[in-house]
Amino acid sequence: MASLFSFSPTTALLDLEHLTQTTLTRLSNVALDLGLTRFPAHQYTFLTALFFFLAVHQAFAPVVSGWMSSSFRKLDRRGKNNWSIHVVSQVHVLVVVPMALRILNSPSQGQDRAFGWDEGAGSLQAIASAYFVWDTFDAIINFTDVGFIVHGFACSLIYLLSFRPFLSYYASRCLLWESSTFFLNIHWFLDKTNRTGSTFQLVNGILLLATFFFVRLIGGAYVSYQFFFTLYDAWDEIPLAYALIYGTGNIVLQGLNVFWFMKMITALRKRFSGGDGKRNGKLDAKEE
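Positions 1 to 288 (the UniProt record's numbering) are the ones given, in order, by the sequence shown.
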């Protein structure tokens, strides 16, 4: 009977290794069946990033925030979850934006904007894909606004399907949009730590609007202009589903950028117009 309750660390490790290998093999087969030929080489990065973001959300952010901030400790369950979401978002920004900047001048991608590939870009896309998959599930489970679900789902599809490879050249350029998220997260934390309307928040708000306008709206429009020419040139070489997903996805994401920019302007006006209304504007639908 004692053998029934015996535990062997070696056996447990072998079982874990077998489970991991089986999962990777199945994931690789699914990716190949979908035509994502570059994904298997980066699936380990994808899974590692996915579990990393989940760990930051569920463990690291709550523990560290609870230790460092009394404001966090006063929040209810939903508020603490939203706080942790913004921590994950900030970690994602600090990882992908520097990576995207390093890949911008990739010769292999520049020579073929439709189908060019760079292994560094593959790692970047794996991390970004993992983040957006995590973000989509969180937006569904902790529903606040359909826009966040649409955004997460569209980004997940776009970055995962780029492992065909397809339009990888534009992946790093679109990820630079996340630069504005850095200031958005700071703005949110300032609200939650009772510094709404402060000079720090005003300066951060100006940087947020400037970054959002120049990177997402102006830069995004320019990238989209190039993007649609590349998509048109590759029209006969890709499945119709790809053309529809990428074309529609780009329009939707650009539309959301304009919509959110208008909301940010309105929110900032309320915050710094004086009176009781300065605390009522929302820069983020996940704020409450």
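Just so you know, even glycine gets a beta-carbon here, dropped at the ideal spot from N, CA and C.
Cutting at 6 angstroms between CB atoms, please list the residues of its own chain near residue i, excluding the five before and the five after it.
| i | result |
| --- | --- |
| Q125 | Y159, S162 and A171 |
| F53 | V88, Y131 and W134 |
Whose C-beta lies closer than 7 angstroms to the C-beta of residue i among residues of the same chain, with five residues either side of it excluded?
| i | result |
| --- | --- |
| M1 | With a pLDDT of 48 at M1, under the threshold of 50, the modelled position of this residue cannot be trusted, and the question is left open. |
| I238 | F166 |
| G35 | R164 |
| T181 | S89 and V93 |
| I127 | T45, A49, V95 and V96 |
| T20 | none |
| I149 | T136, A139 and I140 |
Taking all protein chains shown into account, decide if residue i is buried (16 or more other Cβ within 10 angstroms of its Cβ) or exposed.
| i | result |
| --- | --- |
| N105 | exposed |
| Y242 | buried |
| G275 | In this predicted model, G275 has a pLDDT of only 48, less than 50, meaning its place in the structure is not dependable; the value taken from the coordinates is given anyway. With fewer than 16 Cβ atoms within 10 Å of its Cβ, G275 is classed as exposed. |
| D33 | exposed |
| I103 | buried |
| M264 | buried |
| R269 | exposed |
| G281 | Because G281 sits at a pLDDT of 49, beneath the cut-off of 50, its placement in the model cannot be relied upon, and the point is left open. |
| W235 | exposed |
| V56 | buried |
| Q109 | buried |
For residue i, I'd like the list of residues in its chain whose CB is within less than 8 angstroms of its CB, leaving aside the five on either flank, ordered along the chain.
| i | result |
| --- | --- |
| T193 | S69 and S71 |
| N204 | F183, I186, H187 and L190 |
Put residue i into one of helix, strand or coil per three-state DSSP.
| i | result |
| --- | --- |
| S106 | coil |
| R279 | Note that R279 scores a pLDDT of 46, beneath 50, so its modelled location is shaky; the value from the coordinates is reported in the next line. In the structure shown, R279 sits in a helix (DSSP, three-state: H, G or I). |
| K270 | helix |
| S180 | helix |
| G120 | helix |
| I251 | helix |
| D138 | helix |
Check whether the Cβ of residue i lies closer than 8 angstroms to any Cβ atom in chain D.
| i | result |
| --- | --- |
| F143 | The displayed structure is made up of one protein chain only, and chain D is not part of it. |
Inset, instruction - For the segment 87 to 100 and the segment 119 to 137, state whether three or more C-beta atom pairs, one from each stretch, are separated by less than 8 angstroms. - result: yes
Inset, instruction - Could you tell me whether the segment 230 to 237 touches the segment 107 to 119, where touching means 3 or more Cβ pairs closer than 8 angstroms? - result: yes
Inset, instruction - Would you check if there are 3 or more beta carbon pairs closer than 8 angstroms linking the segment 141 to 155 to the segment 211 to 218? - result: no
Legend entry - Contiguous alpha helix (DSSP H) assignments of at least 4 residues, all confined to the segment 152 to 176: 168 to 175
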